[in-house]
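Q: Structure below; questions to follow.
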Amino acid sequence: MVDVMVNVSNFIAENPRQTDGSVNGCTLSNGQKVQKALRKEIRMISDEERNELFKAIRDMKDTSDYDYIATIHRLAYEQGGAHNGAAFFSWHNEYCKRNPSLALHYFDSTLDSPLPTPADSVLFY
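Each residue of the sequence shown is one higher than the last, beginning at 88 in the working numbering.
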C-alpha cells in the first residue's frame, strides 16, 4: 500500500492544478478550467463519445495506466475510502479531471434486469 500511495503522490505532483480560491476556480495544468461534466447512461452516448471513451481506455491499457488506476481504486474500495461515505464524490472526481472533455458514463443495470438473458442487452450489439 505504501508504494501505491507514493505513486499517487508522484502522480499528483506531476499533474498540478491551480485554484483562485473560488468554488469553480480550479485550472488544470494544460490551462483549461475544470468544468462540470454531463454524465450520460452508456446507451445514450453518441458514436463519437463512445469512440473517445474506448480510445482513452485502449491508451490507458497500452501504457498500463489502466491497471495502475484499477489497483488504486481496488485498494481504496477495500479500505472504505472510494465507495463509502463522504469521500465517494471527491475521490471519483479525480477520474473526471484527467480529460475535462470526457465524462465518465454510467451503466444503469436496472434497464437490463428484466431481460431473461443478460446477453440480450443492447450493450453487447
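Cβ atoms here follow ideal geometry from the backbone N, Cα and C, with glycine treated the same way. This structure is a prediction, so every number in the text was calculated from the model and none was measured.
Just confirm the distance between the C-beta atoms of I132 and H192, as a whole number of angstroms; I'd bet it's less than 8 Å.
A: Taking the sequence shown and counting its residues from 1, one reaches residue 132 at position 45. Taking the sequence shown and counting its residues from 1, one reaches residue 192 at position 105. Yes, they are in contact, since the Cβ atoms of I132 and H192 sit about 6 Å apart, within 8 Å.
Q: Just confirm the distance between the C-beta atoms of S208 and D195, as a whole number of angstroms; I'd bet it's less than 8 Å.
A: As a first step, residue 208 must be located in the sequence shown, where it is residue number 121. As a first step, residue 195 must be located in the sequence shown, where it is residue number 108. The pair is not a contact, with the Cβ atoms about 11 Å apart (cut-off 8 Å).
Q: Just verifying my parser: in three-state terms, what is the DSSP assignment at K142?
A: On the sequence shown, residue 142 is found 55 positions in, with the first residue counted as 1. K142: helix per DSSP, three-state reduction.
Q: Below 8 Å between beta carbons: does that hold for K123 and T114?
A: In the sequence shown, counting from the first residue as 1, residue 123 sits at position 36. In the sequence shown, counting from the first residue as 1, residue 114 sits at position 27. Not in contact: K123 and T114 (Cβ atoms no closer than 8 Å).
Q: Hey, quick one: how far does the alpha helix (DSSP H) through I156 stretch, first residue to last?
A: Working through the sequence shown from its first residue, we reach residue 156 at position 69. Counting along the chain, the alpha helix (DSSP H) containing I156 begins and ends at D152 to E165.
Q: Tell me whether G148 sits in a helix, a strand or coil according to DSSP, three-state version.
A: Looking up residue 148 in the sequence shown gives position 61. Sequence inspection shows Lys at residue 148; the Gly mentioned does not correspond to that position. DSSP places K148 in helix when its eight states are reduced to three.
Q: So, under 8 Å CB-CB, L210 and I129 are touching, yes? Tell me the CB distance rounded to an integer number of Å.
A: For the purposes of this step, residue 210 is taken as the residue at position 123 of the sequence shown. For the purposes of this step, residue 129 is taken as the residue at position 42 of the sequence shown. Confirmed, Cβ separation roughly 7 Å.
Q: Provide the residue(s) that pair with K120 in DSSP beta bridges, ordered along the chain.
A: The count along the sequence shown starts at 1 and reaches residue 120 at position 33. Partner(s): T114.
Q: Leaving out the 5 sequence neighbours to the left and right, which residues in its chain are closer than 6 Å to Y153 when beta-carbon positions are compared?
A: As a first step, residue 153 must be located in the sequence shown, where it is residue number 66. Once the five neighbours on either side are set aside, the close Cβ partners of Y153 are M147.
Q: Once the 5 residues before and after S151 are set aside, which same chain residues still bring their CB inside 6 Å of it?
A: The sequence position of residue 151 within the sequence shown is 64, counting from 1. Here the set comprises nothing.
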